[in-house]
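Read through the structure below, which is laid out as structure tokens, and then see the notes.
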Amino acid sequence: MKESLLEILCCPLDKHDLELENADYDDEEVVGGNLVCTECGEAYPIEDGIPNLLPPDMREETPA
Amino acid sequence: MAGDQDRESNRDEVARREDVRDTYDRIATHFASTREYAWPEVEAFVDAHARDGVGLDLGCGNCRHAELLAADCESVVGFDVSRGLLETGRDRARERAFAVELIQGDAATLPLAENSVDIAVYVATLHHLPTRAARRDSLDELARVLSPDGRALVSAWSTAHDRFDATEGFDTTVEWTLPGGEPVDRFYHIYAPDEFEADLADSDLALRESALSSGNCYATVAGAEPTG
């Protein structure tokens with residue numbers, strides 16, 4: 001994802017802003033790290049460049 | 001205890017939504033390979049309402065409609081519950097050199113800011129949400145993220161399709177057959193056309209036009225009116 005995407009992203013639960021933490025970059029792409037809600041503190045992982053913003057109760061590992 | 005039943009029912013619903021995600025993760029590559037072309041109804045909508053700004057393909061699958069939006073929009077978001085499908089979207093964007101930002105999420109709890117979207121395509125996705133409450137939530141969420149002068153195209157499979165005899169909406173599963181012949185069930189809610197319009201009318205979206213085409217209900221909608 002591009003860092004500029006943060007301008008329109010929010011927490012799926014409470015709709016508050018997200019902050020990028022522990023970001024890994026590949027050129028201008030953010031390929032890893034966490035998006036953390038500034039209100040509730042929930043952390044959403046960026047997995048191979050794609051943020052996983054599923055609500056936590058739908059996020060558990062997909063069976064192989 | 002009613003609370004226990006609510007929790008039980010919530011667990012059941014989450015499980016059913018995860019089933020849809022897992023199904024599409026499983027069939028993603030084959031499914032995407034059969035979804036080469038944009039729908040003509042979506043092309044007509046994008047031609048009529050295309051604009052600068054942010055485009056959203058909600059339930060993007062392999063991003064064939066995100067690709068249409070990318071021709072006009074400043075930026076385009078491809079959004080899907082299935083990680084496997086998003087990866088097919090990323091492949092298509094690379095092969096065809098269009099730009100799309102991919103997000104994995106749930107259509108009933110959008111992680112997008114209010115009024116952040118100028119044009120949206122929400123086709124063939126609403127019917128995969130397992131309860132009317134979840135479908136209604138997703139329409140309200142679309143209204144929240146769509147700017148008041150933004151437009152979205154919403155579609156769902158309908159009872160008007162040749163393969164169905166029913167006149168009332170119903171829940172069903174429709175098999176997807178993998179290349180080896182293995183069947184995989186997918187949940188669908190098949191909408192009666194008047195039920196589709198009623199759900200839109202009850203939502204925060206403003207209904208502008210509706211139509212039936214190729215066995216699908218379509219509606220062009222606008223975002224929620226500003227309050228206060």
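Order-wise, the sequence lines are chains V and F. The letter at position 46 of the first sequence is residue 46 when you use the UniProt record's numbering, and the numbering goes up by one with no holes. The letter at position 130 of the second sequence is residue 130 when you use the UniProt record's numbering, and the numbering goes up by one with no holes. Where a beta carbon is used, it is the ideal one built from N, C-alpha and C, also for glycine.
Neighbour flag for residue 111/F against chain V, beta carbons, 8 Å: Position 111 of the second sequence, counted from the first residue, corresponds to residue 111/F. Under the Cβ criterion of 8 Å, residue 111/F is counted among the residues facing chain V.
Limits of the alpha helix (DSSP H) - the one that residue 196/F falls within: What you label residue 196/F is simply residue 196 of the second sequence in a count that begins at 1. DSSP places residue 196/F in the uninterrupted alpha helix (DSSP H) bounded by 193-202.
Span separating the alpha-carbon of residue 26/F from that of residue 178/F: Within the second sequence, numbered from 1, the residue matching residue 26/F stands at position 26. Within the second sequence, numbered from 1, the residue matching residue 178/F stands at position 178. Roughly 9 Å separates the two Cα atoms.
Cut-off 7 Å between Cβ atoms - residues of its own chain near residue 201/F, not counting five sequence neighbours on either side: The residue labelled residue 201/F in the question sits at position 201 within the second sequence. In the same chain as residue 201/F, and ignoring 5 residues on each side of it, the C-beta atoms closer than 7 Å to its own belong to 207, in chain order.
Proximity test, Cβ basis, 8 Å: residue 228/F and chain V: Here the question's residue 228/F lines up with position 228 in the second sequence. Any reading at residue 228/F is ruled out, since the residue's pLDDT is 48, under 50, leaving its predicted position unreliable.
Partner residues on chain F for residue 40/V, Cβ-Cβ distance less than 8 Å: Position 40 of the first sequence holds residue 40/V. By Cβ distance, chain F contributes nothing, its closest Cβ being about 13 Å from residue 40/V, past 8 Å.
Proximity below 8 Å, CB of residue 210/F to CB of residue 198/F: Mapped onto the second sequence, residue 210/F falls at position 210. Mapped onto the second sequence, residue 198/F falls at position 198. It is not a contact, given that the beta carbons lie outside the stated cut-off.
Proximal residues to residue 88/F (C-beta, below 7 Å), its chain only, five neighbours per side dropped: The residue given as residue 88/F occupies position 88 in the second sequence. Result list for residue 88/F: 28, 29, 32, 62, in chain order.
Residue range of the beta strand (DSSP E) that includes residue 210/F: Position 210 of the second sequence, counted from the start, is the residue given in the question as residue 210/F. Following the DSSP letters along the chain, one finds residue 210/F inside the beta strand (DSSP E) bounded by residues 206-213.
Closest Cα partner of residue 120/F within the set 216/F, 131/F, 150/F: Along the second sequence, read from residue 1 onward, the residue named residue 120/F stands at position 120. Nearest option by C-alpha distance: 150/F.
Helix, strand or coil at residue 135/F [DSSP, three-state]: Your numbering for residue 135/F matches position 135 in the second sequence. Secondary structure at residue 135/F: helix, using DSSP grouped into helix, strand and coil.
Close beta carbons around residue 106/F, own chain, < 8 Å, minus the five adjacent residues each side: Here residue 106/F corresponds to residue number 106 of the second sequence, with the count starting at 1. If the five residues before and after residue 106/F are omitted, its C-beta is found closer than 8 Å to the C-beta atoms of 17, 81, all from its own chain and listed in chain order.
Inter-stretch contact (C-beta, 8 Å, three-pair minimum) for the segment 45-53 of chain F and the segment 176-192 of chain F: In this structure the segment 45-53 of chain F does not lie against the segment 176-192 of chain F, because fewer than three pairs of beta carbons, one per stretch, are closer than 8 Å.
Separation of residue 37/F from residue 10/V, as counted between CA atoms: If you number the first sequence from 1, residue 10/V lands on position 10. If you number the second sequence from 1, residue 37/F lands on position 37. Computed Cα separation, rounded: 32 Å.
Whether residue 127/F touches residue 20/F by CB criterion (8 Å): Numbered from 1 along the second sequence, position 127 holds the residue referred to as residue 127/F. Numbered from 1 along the second sequence, position 20 holds the residue referred to as residue 20/F. Cβ atoms of residue 127/F and residue 20/F: not closer than 8 Å.
Three CB pairs or more closer than 8 Å across the segment 12-20 of chain V and the segment 33-45 of chain V: Yes, the segment 12-20 of chain V is in contact with the segment 33-45 of chain V.
Other residues of its chain near residue 33/V: CB distance less than 7 Å, five sequence neighbours each side excluded: Taking the first sequence and counting its residues from 1, one reaches residue 33/V at position 33. The answer, listed in chain order, is 20, 21, 22, 23, 24, 46.
Residue 186/F - partner residues in DSSP beta bridges: By 1-based counting over the second sequence, the position of residue 186/F is 186. The beta-bridge partner set that DSSP reports for residue 186/F consists of 174/F.
Neighbour flag for residue 106/F against chain V, beta carbons, 8 Å: Numbered from its first residue, the second sequence carries residue 106/F at position 106. By this cut-off, residue 106/F is an interface position.
Cα-Cα separation, residue 15/F to residue 108/F: Taking the second sequence and counting its residues from 1, the one referred to as residue 15/F is at position 15. Taking the second sequence and counting its residues from 1, the one referred to as residue 108/F is at position 108. Roughly 15 Å between the two C-alpha positions.
Alpha carbon of residue 145/F to alpha carbon of residue 26/V, nearest angstrom: Numbered from its first residue, the second sequence carries residue 145/F at position 145. Numbered from its first residue, the first sequence carries residue 26/V at position 26. The alpha-carbon atoms of residue 145/F and residue 26/V are separated by roughly 29 Å.
Closer than 8 Å to chain V by CB, residue 17/F: Indexing the second sequence from 1 puts residue 17/F at position 17. Contact with chain V is found for residue 17/F, since one of that chain's Cβ atoms lies less than 8 Å from the residue's Cβ.
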